[in-house]
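Participant:
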Amino acid sequence: MSVITLHSVTLDPTLCMGCTNCVKHCPTEAIRVRNKIAKIIKERCIDCGECIRQCPYHAKRAVVDPLTILKNYEYTIALPAPTLYAQFQKVRDRNYILTALKRIGFDDVFEVSAAAEAISNATKDELRHGNLPRPLINTACPTVVRIVRTRFPSLIPNLLPYKSPMELAARWAKQNAAKKTGLPMEKIGCIFISPCPAKATSTKTPLGFDHSYVDAVVSIAEVYPKLRTAIKMVKAPEQLAHSGPIGMNWAVSGGECRGADSMEHLAADGMENVIHILEAVEDEKFSSVDFIELNACVGGCVGGVLAVENPYIAKARLDKMVRQSRQEPAPEGLPEHEIHWDDKVEFAPIFQLDNDISAAMQKMALVAEIEKKFPGMDCGACGAPSCHALAEDIAGGFATEDLCIFLIREKLQRLLAEKEEENDSK
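Using this note's numbering, the first residue of the sequence shown is number -12, and each one after it goes up by one.
#1: Buried or exposed, going by whether 16 or more other CB atoms sit within 10 Å of the CB of Ser(-11)?
#2: Report the rounded CA-to-CA distance for Ala294 versus Asn82, giving the unit in angstroms.
#3: Let's see if you can read the secondary structure: which residues bound the alpha helix (DSSP H) around Leu403?
#4: How many whole angstroms separate the CB atoms of Ser(-5) and Asp34, which I take to be in contact at a CB cut-off of 8 Å?
#5: Write down the C-beta distance between Ser181 and Ile207 rounded to the nearest angstrom, noting that I regard them as a contact closer than 8 Å.
#6: According to DSSP, simplified to helix, strand and coil, what is Ala25?
#7: According to the neighbour-count rule (16 or more other Cβ atoms, all chains shown, within 10 Å of its Cβ), is Arg133 buried or exposed?
#8: Can you give the Cα-Cα distance for Cys177 and Ile24, rounded to whole angstroms?
#9: Considering just the uninterrupted stretch of the alpha helix (DSSP H) at Pro152, what are its terminal residues?
#10: On the DSSP bridge list, what partners appear for Tyr62?
#11: Count the CB pairs spanning the segment 220 to 237 and the segment 84 to 102 that are closer than 8 Å, and state whether there are at least three.
#12: Under 7 Å from any heavy atom of the ligand SAM, does the C-beta of Pro0 make it?
#13: When DSSP builds the beta bridges, which residues end up paired with Lys111?
#14: Please report how far the alpha carbon of Leu340 lies from the alpha carbon of Cys369, in whole angstroms.
#15: Does Ile300 come out as helix, strand or coil in the three-state DSSP assignment?
#16: According to DSSP, what are the bridge partners of Asp95?
#17: Just to check my reading of the structure: Arg138 and Phe338 have Cβ atoms closer than 8 Å, yes? What is that Cβ distance to the nearest angstrom?
#18: Could you pull the start and end residues of the alpha helix (DSSP H) that His12 belongs to?
#19: Just mark Thr123 as buried or exposed, buried being the case when its beta carbon has 16 or more other beta carbons within 10 Å.
#20: In angstroms with no decimal places, state the Cα-to-Cα distance between Leu306 and Arg115.
#21: Does the beta-carbon distance from Trp237 to Ser151 come in below 8 Å?
#22: Measuring only the C-alpha atoms, how far is Glu37 from Cys3?
#23: Hey, Ala46 and Leu321: beta-carbon distance below 8 Å or not?
#24: Output the boundary residues of the beta strand (DSSP E) element that contains Val205.
#25: Where do the ends of the alpha helix (DSSP H) carrying Arg138 lie?
#26: For Gln226, tell me which candidate among Val96, Ala301, Trp328 and Arg310 has the shortest Cα-Cα distance.
#27: To the nearest angstrom, report how far apart Gln162 and Ile64 are at their CA atoms.
#28: Using DSSP with H/G/I as helix, E/B as strand and the rest coil, what is Glu280?
#29: What residue ranges within the segment 343 to 386 form continuous alpha helix (DSSP H) runs of no fewer than 4 residues, ordered along the chain?
#30: Among Leu390, Gly367, Ser412 and Ala228, which has the Cα closest to the Cα of Asn8?
#31: Could you give the residue range of the beta strand (DSSP E) that holds Val(-4)?
#32: Could you check whether the segment 270 to 287 touches the segment 237 to 253, counting it as contact only if at least three pairs of C-beta atoms, one from each stretch, sit closer than 8 Å?
#33: Where does Val50 sit, in a helix, a strand or coil, going by DSSP?
#34: Can you list the alpha helix (DSSP H) stretches of 4 or more residues lying completely in the segment 229 to 263, in chain order?
#35: Tell me whether Thr188 is buried or exposed, calling it buried when 16 or more other Cβ atoms sit within 10 Å of its Cβ.
#36: Which class does Ser181 belong to by DSSP, given the choice of helix, strand or coil?
Here it is in structure tokens:
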């Protein structure tokens, strides 16, 4: 499986000030600052959106589709992430939101939370009767899948081999719409309304299967103003909800665990915590745990960078909506055979120094030798996230030692001392 080079996080160099905030927070060390401009190493980027969250100058942006893409299809279906429900004040019945989606241009709506409930049921079955290695690691967050395949390849067998609720919902919705309208699937557009850029990347370069049934990804931030106005105009909402509390809870950290109904589980959110948990699993510290839910965004999907509302407020709203909701009948025609991955997820060695083992070992020795020259302060002034990363860049021919301000200072001090000695000898 090839390394992903199509991404949904990009940089506007005209806004970048070279501050290194993004460099210090990137979990895969995929960013460098060179000539006062940040550069993203595409092979290392996992589209977690952390750089978007950290950049004070808004130079990092998510690449998603505009709402005008609806014009490209004869029949359009909105696939709202359950995070969308938590963006609006004083909306207790999500049918108002679902009806408003039709008011702003969609022909139909299919809840992603309905697909989430189907996957929760499949997860329960696997936990009770399956033989996959424990602990199982959820795969709904594409960033988690990407960090595992690049940084923790030994844990690939632990990944739950299920498609995301977004993907299952798109397939399910298209099948039902094709029967309803008689249109071929290519004329039916499934548009996911997303809280994060990683979901957009996963539709362009899916892992575990070849083809995505999601035709476009629109951000929650884009539809929010139109929806807010449309909701106020809805007097008698259509009954469009087809899920219940379990599916809606997937928007927050721990929601998938509750749906899996596992006695021994844990949930972690935020990339730093995700990496700590994966390191612990790799060290076999959670052998008694059956299921681990990991989300790249703090708080879960409600903390996505394409959402509008504060994640803690959003969680409180969703909790209230969940308590007041009831289990709705699921849509007909669940494509159960579509839940599982079609392909294996394979190791993507983006951190290796060279494809040739002998050359890689030589570079590793060179990196160690170069790193000894640096102070080990990881200040980031060189434009790399750490002294070790700069040493790797130098060994790879992408940087030079004079980027280190401490080495430059030492060099200047030596020159000054030599000059003083020269003057004293005269």
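Every residue gets a Cβ at the ideal spot worked out from N, C-alpha and C, and that includes glycine.
Facilitator: Let's see:
#1: Within the sequence shown, residue -11 is the residue found at index 2, counting from 1. Only weak support is given to the placement of Ser(-11): the predicted model assigns it a pLDDT of 45, under 50, and the value that follows is read from those uncertain coordinates. Exposed, by the Cβ-count rule.
#2: For the purposes of this step, residue 294 is identified with residue 307 of the sequence shown, where counting begins at 1. For the purposes of this step, residue 82 is identified with residue 95 of the sequence shown, where counting begins at 1. Taking the straight line joining both Cα atoms gives about 19 Å.
#3: Here the question's residue 403 lines up with position 416 in the sequence shown. Start and end: Ile392 to Ser412.
#4: Walking along the sequence shown from the start, residue -5 turns up at place 8. Walking along the sequence shown from the start, residue 34 turns up at place 47. Confirmed, Cβ separation roughly 5 Å.
#5: Taking the first residue of the sequence shown as position 1, residue 181 is located at position 194. Taking the first residue of the sequence shown as position 1, residue 207 is located at position 220. Confirmed, Cβ separation roughly 7 Å.
#6: The sequence position of residue 25 within the sequence shown is 38, counting from 1. Look at Ala25 here: in three-state DSSP terms it is strand.
#7: Within the sequence shown, the letter at position 146 stands for residue 133. Classification of Arg133: buried, given that the 10 Å Cβ count is 16 or more.
#8: Taking the first residue of the sequence shown as 1, we reach residue 177 at position 190. Taking the first residue of the sequence shown as 1, we reach residue 24 at position 37. Answer to the nearest angstrom: the Cα atoms are 37 Å apart.
#9: Position 165 of the sequence shown, counting from 1, holds the residue named residue 152. Residues Pro152 to Thr168.
#10: Here residue 62 corresponds to residue number 75 of the sequence shown, with the count starting at 1. Answer is Ile175, bridged to Tyr62.
#11: yes
#12: Within the structure as shown, the ligand SAM is missing, as the structure has no ligands at all.
#13: Position 124 of the sequence shown, counting from 1, holds the residue named residue 111. In DSSP, Lys111 forms no bridge with anything.
#14: Here residue 340 refers to the residue found at position 353 of the sequence shown. Here residue 369 refers to the residue found at position 382 of the sequence shown. For Leu340 and Cys369, the distance between alpha carbons rounds to 20 Å.
#15: Here residue 300 refers to the residue found at position 313 of the sequence shown. Ile300: helix per DSSP, three-state reduction.
#16: Against the sequence shown, residue 95 aligns to sequence position 108. Paired residue(s): Ile64.
#17: Counted from its first residue, the sequence shown places residue 138 at position 151. Counted from its first residue, the sequence shown places residue 338 at position 351. Confirmed, about 7 Å.
#18: For the purposes of this step, residue 12 is taken as residue 25 along the sequence shown, with counting starting at 1. From DSSP, the alpha helix (DSSP H) with His12 extends over Asn8 to His12.
#19: Residue numbering aside, residue 123 sits at position 136 when the sequence shown is read from its first letter. Note that residue 123 is Leu in the sequence shown, not Thr. Looking at its Cβ environment, which holds 16 or more other Cβ atoms inside 10 Å, Leu123 is buried.
#20: Counting from one through the sequence shown, the residue named residue 306 turns up at place 319. Counting from one through the sequence shown, the residue named residue 115 turns up at place 128. Sequence check: residue 306 is Asp here, not Leu. Computed Cα separation, rounded: 28 Å.
#21: Start at 1 with the first residue of the sequence shown, and residue 237 comes out as number 250. Start at 1 with the first residue of the sequence shown, and residue 151 comes out as number 164. Taking the C-beta atoms as reference points, Ser151 is found no nearer than 8 Å to Trp237.
#22: In the sequence shown, the residue the question calls residue 37 occupies position 50. In the sequence shown, the residue the question calls residue 3 occupies position 16. Cα to Cα, Glu37 sits roughly 16 Å from Cys3.
#23: The sequence position of residue 46 within the sequence shown is 59, counting from 1. The sequence position of residue 321 within the sequence shown is 334, counting from 1. Contact: no.
#24: Numbered from its first residue, the sequence shown carries residue 205 at position 218. Residue range Ala203 to Ser206 is occupied by the beta strand (DSSP E) that includes Val205.
#25: If you number the sequence shown from 1, residue 138 lands on position 151. Pro129 to Arg138 is the extent of the alpha helix (DSSP H) around Arg138.
#26: Residue numbering aside, residue 226 sits at position 239 when the sequence shown is read from its first letter. The candidate whose alpha carbon is nearest that of Gln226 is Val96.
#27: Walking along the sequence shown from the start, residue 162 turns up at place 175. Walking along the sequence shown from the start, residue 64 turns up at place 77. About 12 Å.
#28: The residue you call residue 280 lines up with position 293 of the sequence shown. Reduced to three states, the DSSP call for Glu280 is strand.
#29: List check, alpha helix (DSSP H) in window: 344 to 358 and 374 to 382.
#30: Along the sequence shown, one-based indexing puts residue 8 at 21. Out of Leu390, Gly367, Ser412 and Ala228, Gly367 has the C-alpha closest to the C-alpha of Asn8.
#31: Within the sequence shown, residue -4 is the residue found at index 9, counting from 1. Here the beta strand (DSSP E) through Val(-4) covers Val(-4) to Leu(-2).
#32: yes
#33: Here residue 50 refers to the residue found at position 63 when the sequence shown is read from its first residue. In this structure, Val50 counts as coil in the three-state DSSP scheme.
#34: 232 to 235 and 242 to 247
#35: Here residue 188 refers to the residue found at position 201 when the sequence shown is read from its first residue. Thr188 should be labelled buried.
#36: What you label residue 181 is simply residue 194 of the sequence shown in a count that begins at 1. The answer is strand: DSSP assigns Ser181 an E or B state.
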